[in-house]
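Data first, discussion second: the structure below is written as structure tokens.
Protein chains: 2
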Amino acid sequence: MDLLFKDITVIPMEGERVLRGACVGVDAGKICHVGGNDPKLSADRVIDGSDKLLLPGLYNCHTHTPMSLMRGYASDLKLQDWLFNYISPVEGRFAEGMAYTGALISVAEMLSNGVVSFSDMYFMLEGIAAAADEAGVKANLCNGMTAFSPEFDYFKDRSYMETAYILNNYHHRADGRIKADAGIHAEFTSFGRAWRQVVELAEEHGLIMHIHLSETLLEHENCKAKYGTTPAQTLNGYGVFDVRAIAAHCVWLEDSDIDIFREKSVTAVHNPVSNLKLSSGAAPIERLIKAGVNVALGTDGAASNNSLDPLADLKLASILQKCRAGDPTALPAYEALKLVTVNGAAAQGREKESGRIALGLDADLVMLDLHSPRQTAAIDPAASAVYSCTGRDVELTMCQGRILYEKGEYKTIDIEKAMFEAKRAVKKLGIL
Amino acid sequence: MDLLFKDITVIPMEGERVLRGACVGVDAGKICHVGGNDPKLSADRVIDGSDKLLLPGLYNCHTHTPMSLMRGYASDLKLQDWLFNYISPVEGRFAEGMAYTGALISVAEMLSNGVVSFSDMYFMLEGIAAAADEAGVKANLCNGMTAFSPEFDYFKDRSYMETAYILNNYHHRADGRIKADAGIHAEFTSFGRAWRQVVELAEEHGLIMHIHLSETLLEHENCKAKYGTTPAQTLNGYGVFDVRAIAAHCVWLEDSDIDIFREKSVTAVHNPVSNLKLSSGAAPIERLIKAGVNVALGTDGAASNNSLDPLADLKLASILQKCRAGDPTALPAYEALKLVTVNGAAAQGREKESGRIALGLDADLVMLDLHSPRQTAAIDPAASAVYSCTGRDVELTMCQGRILYEKGEYKTIDIEKAMFEAKRAVKKLGIL
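Chains as they are written, first to last, in this note's numbering: chain Z, 1 to 432; chain D, 1001 to 1432.
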């Protein structure tokens, strides 16, 4: 085999919760051994797993990668002011190549934080796809359709063209890394005819629908005033959830919305940092999980987070639910880990290939180093992963058996060049 | 001069918010230059400050350092169950030397996270003082008195003896690094007579009072049922706030409590991670600040956080207030930075020696490295520090002009030995 993690602590996210002193083998991009130590096992490279923790590679199910170019710009503003007076004008100045530049910086950050796959909603998908492809990571990419009139024709819009580009150039490739998602920006930024058109595209190609939903109370209440139904109910009425779907934010979901999510198997993607930072609220994640809804985690974009570190955000996700539920037993460490592993893979339709450490699956793995004063004696591996570790503790990130990041080194990205280009782009955008 | 930070971005926390391309000089433990570049400046060592950010060294104003030995133990439990059935029994098994071992690990973690001073409440203060002293960091140490009967005599108790030990052996030393605080564990764990005795000690020696206050609603309401007054009112009636005081948590403060804090100049120490994790609630920090109360930040102990990373927690402090206040402009980045710098120094009575980057003050400094994909172009230094940086980005921590941590290396701690001893202690405690 190509590589063997030896004598390592593993949280495989299926079967036993924790394997200690285990061996995990990787061959030809797949996991070829999970189990005890066996002297007969040999590999081209053996990694000593003492004081290391092996997890399935992490999923970041809602982000806007090119927004790393606006990280730290226009902080501490009200959402409408922030979006329309600061962010949108800068986005309007995005030049050819800038989406690639921003996406590459975000992908680098995510690799250093253990991410093997992300779901992105932005424009200039060609650039994002090129960055993800080059870096060796998995990605589900959509351009979230916005329609400013009821007569808007999706199939003549840039959002459709870009989606078609990903479909034609990446989606059906054998390695399956880069996929197109169908995208609707949000209920309040589009209309029924266009929703049906995006659903049509998703049905034709078996795509996953990606949408912002009930992020703010204002948006939620405005929808009820306009349609007499919640955003989830409204979109459901147009068949948006008849295809596999992921909905970002879900802060203001009502009980009937949660019923729709369960019945239609919609994934709720929780973005706790962004939701607090923009004072949108704290999503009812514990209730969603108890109702049987698949919940994944997103960092949102670097302009509203301002980091892309799922483990850091997972700690907040867990402790925020404890406070929201008035119950410190809510969303315990092991359950929380599902959000960034199995549930994330399911959100992206990758549940048969990834998200667990199991025989025959893609070798999408992250290895954490617990040999630091930050972890002391790492009494409980799941608690270490969720409450003490962040991306800082990531030693190695591997996607499909290929090491993309190890001990501070990027194997597929010229990081100095990427940072130089990012700085130049930010200057060109006139915000530095 | 001994050392010169050259061409560096500085947030001095007084005067101009940000200095760019500045020079900061250090000589004989003090800051001897703050200003523009001057070709005449020379030093034994010059640090190139390009892509670096210099801040006053960070203050962690509420922690329990030996509890790193219980990090990750007994997660996801209700507070009473956690404390009385898990934590207290283990604390009862603490053997000679274990407080030192746990404190040293915590101090190491804090140094790597840019902390130059901490306020600790625990027992076995001799060990904690030895660890802090050896590591070269500043610390205010107290043993929080608990009294299980109204007749309890503080001056015959271990909590007094340990405080006296710190007073006699460290408090008046010329370098002023290790100070004794007077400590009352909390209103609900003691009685009026003992409160007056601790106040007496504080008055005699000019000590700062350190107390847990209104952490949980239960504790707050029980006090009102017992005394007819809130914990702050009750303690105030016994003169507890007639001496300089810091109160940890303050989640359930009422308006009249906030009035007491302002009138008596009590510092509120916010512990956002611990408060969420134990589902205590979200403290009214924005209201306290607007009322003119000094607010500092604490990580609390590693058993209820489970990290000691003030910058990471500061991000949560800021975004939690934005959500609590329903206003994303609440606790903006620069205001947030005060909690871990100037306000922290004031909480410890060190405002004339530290907490700002100014001529003649102790060279207590932290330098962050912004040359990473996590910071892209670092558009706004305060936003970078609060929203993107964590301890991970700390390159150098200096206390009184002495470099204690640089680029992953501990200059005063044998980190491998410290981790080995910590692991052994955790095993002896029977929880690993």
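Just so you know, even glycine gets a beta-carbon here, dropped at the ideal spot from N, CA and C.
Between the stretch 61-94 of chain Z and chain D, which residues of the former have CB atoms less than 7 Å from a CB of the latter, in chain order? When CB distances to chain D are screened at a threshold of 7 Å, the residues of the stretch 61-94 of chain Z falling below it are Ser68, Leu69, Arg71, Gly72, Tyr73, Ser75, Asp76, Leu77, Lys78 and Leu79, in chain order.
Bridge partners - Asp436 (chain Z), DSSP secondary structure assignment: For chain Z, the structure presents residues 1 to 432; residue 436 (chain Z) sits outside this window and is missing.
Is Gly92 (chain Z) helix, strand or coil by DSSP? The count along the first sequence starts at 1 and reaches residue 92 (chain Z) at position 92. Looking at Gly92 (chain Z) - three-state DSSP - the assignment turns out to be helix.
Closest Cβ-Cβ distance between Asn222 (chain Z) and chain A: below 8 Å? The structure shown has no chain A; the protein chains it does contain are Z and D.
Would you kindly work out how many angstroms separate the C-alpha atoms of Asp1369 (chain D) and Val426 (chain Z), rounded to a whole number? Translated into positions along the second sequence, residue 1369 (chain D) becomes position 369. Translated into positions along the first sequence, residue 426 (chain Z) becomes position 426. So the two alpha carbons sit approximately 19 Å from each other.
Residues bridged to Met1145 (chain D) by DSSP? Position 145 of the second sequence, counting from 1, holds the residue named residue 1145 (chain D). Looking at the DSSP assignment, Met1145 (chain D) forms a beta bridge with D:Ile1184.
Would you mind working out which of D:Pro1150, D:His1172 and D:Leu1141 sits nearest Glu1162 (chain D), comparing C-alpha positions? Here the question's residue 1162 (chain D) lines up with position 162 in the second sequence. When C-alpha distances from Glu1162 (chain D) are compared across D:Pro1150, D:His1172 and D:Leu1141, the shortest belongs to D:Leu1141.
Measure the Cβ-Cβ separation of Thr63 (chain Z) and Thr299 (chain Z) and say whether it is below 8 Å. For the purposes of this step, residue 63 (chain Z) is identified with residue 63 of the first sequence, where counting begins at 1. For the purposes of this step, residue 299 (chain Z) is identified with residue 299 of the first sequence, where counting begins at 1. Their beta carbons are under 8 Å apart, which means Thr63 (chain Z) touches Thr299 (chain Z) by this criterion.
Does the beta-carbon distance from Leu1079 (chain D) to Leu320 (chain Z) come in below 8 Å? Reading the second sequence from its first residue, position 79 is the one you call residue 1079 (chain D). Reading the first sequence from its first residue, position 320 is the one you call residue 320 (chain Z). No, these two residues do not count as a Cβ contact at 8 Å.
If you reduce the DSSP assignment to three classes, tell me which class Asn236 (chain Z) lands in. Here residue 236 (chain Z) refers to the residue found at position 236 of the first sequence. DSSP places Asn236 (chain Z) in helix when its eight states are reduced to three.
Distance, Lys179 (chain Z) Cα to Asp133 (chain Z) Cα: For the purposes of this step, residue 133 (chain Z) is identified with residue 133 of the first sequence, where counting begins at 1. For the purposes of this step, residue 179 (chain Z) is identified with residue 179 of the first sequence, where counting begins at 1. Looking at the two C-alpha atoms, the distance is approximately 11 Å.
Is any beta-carbon of chain Z found at less than 8 Å from that of Lys1411 (chain D)? Taking the second sequence and counting its residues from 1, one reaches residue 1411 (chain D) at position 411. So no, Lys1411 (chain D) is outside the interface.
Measure how close the beta-carbons of Trp1252 (chain D) and Leu1217 (chain D) come, nearest whole angstrom, since I'm counting them as under 8 Å. Looking up residue 1252 (chain D) in the second sequence gives position 252. Looking up residue 1217 (chain D) in the second sequence gives position 217. Confirmed, Cβ separation roughly 6 Å.
Identity of the residue in Z:Ala383, Z:Ser304, Z:Gly391 and Z:Gly292 nearest Val366 (chain Z) by Cα: As a working note, residue 366 (chain Z) is residue 366 in the first sequence. Checked all of Z:Ala383, Z:Ser304, Z:Gly391 and Z:Gly292; the closest Cα to Val366 (chain Z) is Z:Gly391.
Start and end of the beta strand (DSSP E) containing Glu406 (chain Z)? Within the first sequence, residue 406 (chain Z) is the residue found at index 406, counting from 1. Segment Arg402 to Glu406, the beta strand (DSSP E) holding Glu406 (chain Z).
Close Cβ partners of Leu404 (chain Z) (< 6 Å) along its chain, the five nearest in sequence each way excluded: What you label residue 404 (chain Z) is simply residue 404 of the first sequence in a count that begins at 1. The residues are Leu111, Gly136, Thr397, Lys411 and Thr412.
Closer than 8 Å between beta carbons: that is the criterion. Which residues of the stretch 11-33 of chain Z meet it against chain D? none
Among residues of its own chain, excluding the 5 on either side of Arg1262 (chain D), which ones have a beta-carbon nearer than 6 Å to its beta-carbon? Here residue 1262 (chain D) refers to the residue found at position 262 of the second sequence. Once the five neighbours on either side are set aside, the close Cβ partners of Arg1262 (chain D) are Ala1291, Gly1292 and Val1293.
Residue from D:Gly1206, D:Ile1357 and D:Gly1114 whose Cα sits closest to the Cα of Ala1245 (chain D): In the second sequence, counting from the first residue as 1, residue 1245 (chain D) sits at position 245. The candidate whose alpha carbon is nearest that of Ala1245 (chain D) is D:Gly1206.
Give the DSSP bridge partners of Glu1409 (chain D), in chain order. As a working mapping, residue 1409 (chain D) is identified with position 409 in the second sequence. Note: Glu1409 (chain D) sits in a beta bridge opposite D:Glu1406.
Answer yes or no: does any C-beta atom of chain D fall closer than 8 Å to that of Met367 (chain Z)? Position 367 of the first sequence holds residue 367 (chain Z). It does not; no Cβ of chain D falls within 8 Å.
For a contact meaning CB atoms closer than 7 Å, what does Ala1346 (chain D) contact in chain Z? Here residue 1346 (chain D) refers to the residue found at position 346 of the second sequence. Within 7 Å Cβ-Cβ: nothing; Ala1346 (chain D) doesn't reach chain Z, min ~23 Å.
Taking Cβ-Cβ distances below 8 Å as the criterion, which residues of the stretch 1257-1277 of chain D are in contact with chain Z? Val1273, Asn1275, Leu1276 and Lys1277
Going by C-alpha to C-alpha distance, which of D:Glu1187, D:Met1067, D:Cys1399 and D:Asp1364 sits closest to Pro1089 (chain D)? As a first step, residue 1089 (chain D) must be located in the second sequence, where it is residue number 89. Closest by alpha carbon: D:Met1067.
Have a look at Z:Val199, Z:His210, Z:Ala248 and Z:Ile260 and flag the residue whose alpha-carbon is nearest the alpha-carbon of Thr229 (chain Z). Within the first sequence, the letter at position 229 stands for residue 229 (chain Z). Selected option, being the one with the closest Cα: Z:Ile260.
Can you find the residues in the same chain that come closer than 6 Å, C-beta to C-beta, to Ser159 (chain Z), ignoring five residues on each side of it along the sequence? Along the first sequence, one-based indexing puts residue 159 (chain Z) at 159. Within the same chain, Asn143 and Met145 come within 6 Å of Ser159 (chain Z) by CB-CB distance, once the 5 residues on both sides are set aside.
Contact set between Asp380 (chain Z) and chain D, taken where Cβ atoms lie within less than 8 Å: One-based indexing of the first sequence puts residue 380 (chain Z) at position 380. Gly1072, Tyr1073 and Ser1075, listed in chain order.
Coarse secondary structure for Arg324 (chain Z), derived from DSSP in three states: Taking the first sequence and counting its residues from 1, one reaches residue 324 (chain Z) at position 324. It is helical.
Show which residues of chain Z have a CB atom less than 8 Å away from the CB atom of Pro1332 (chain D). As a working note, residue 1332 (chain D) is residue 332 in the second sequence. Within 8 Å Cβ-Cβ: Ser75 and Asp76.
With a threshold of 8 Å between beta-carbons, can Ile1008 (chain D) be considered close to chain Z, or not? Residue numbering aside, residue 1008 (chain D) sits at position 8 when the second sequence is read from its first letter. No, because no Cβ of chain Z sits closer than 8 Å to the Cβ of Ile1008 (chain D).
Which residues in the same chain have their Cβ closer than 7 Å to the Cβ of Glu254 (chain Z), if we skip the five residues on either side of it in sequence? By 1-based counting over the first sequence, the position of residue 254 (chain Z) is 254. Excluding residues within five positions, the ones whose Cβ falls inside 7 Å are Thr230.
Which residues in chain Z have a C-beta closer than 7 Å to the C-beta of Leu1320 (chain D)? List them in chain order. Here the question's residue 1320 (chain D) lines up with position 320 in the second sequence. For a Cβ distance threshold of 7 Å, residue set Leu276 of chain Z lies close to Leu1320 (chain D), ordered along the chain.
Proximal residues to Gly344 (chain Z) (C-beta, below 8 Å), its chain only, five neighbours per side dropped: The sequence position of residue 344 (chain Z) within the first sequence is 344, counting from 1. Same-chain partners within the cutoff: Leu58, Tyr59, Asn60, Cys61, Ser117, Ala296, Leu297 and Gly355.
Nearest-angstrom Cα distance between Met1001 (chain D) and Ala1108 (chain D)? Counting from 1 along the second sequence, the entry for residue 1001 (chain D) is found at position 1. Counting from 1 along the second sequence, the entry for residue 1108 (chain D) is found at position 108. So the two alpha carbons sit approximately 28 Å from each other.
Reduced DSSP category for Ser1159 (chain D) - H, G, I as helix; E, B as strand; rest coil: The sequence position of residue 1159 (chain D) within the second sequence is 159, counting from 1. Three-state DSSP puts Ser1159 (chain D) in a helix.
Identify whether Pro39 (chain Z) lies in helix, strand or coil by the three-state DSSP scheme. Here residue 39 (chain Z) is taken as the residue at index 39 of the first sequence, counted from 1. Three-state DSSP puts Pro39 (chain Z) in coil, outside helix and strand.
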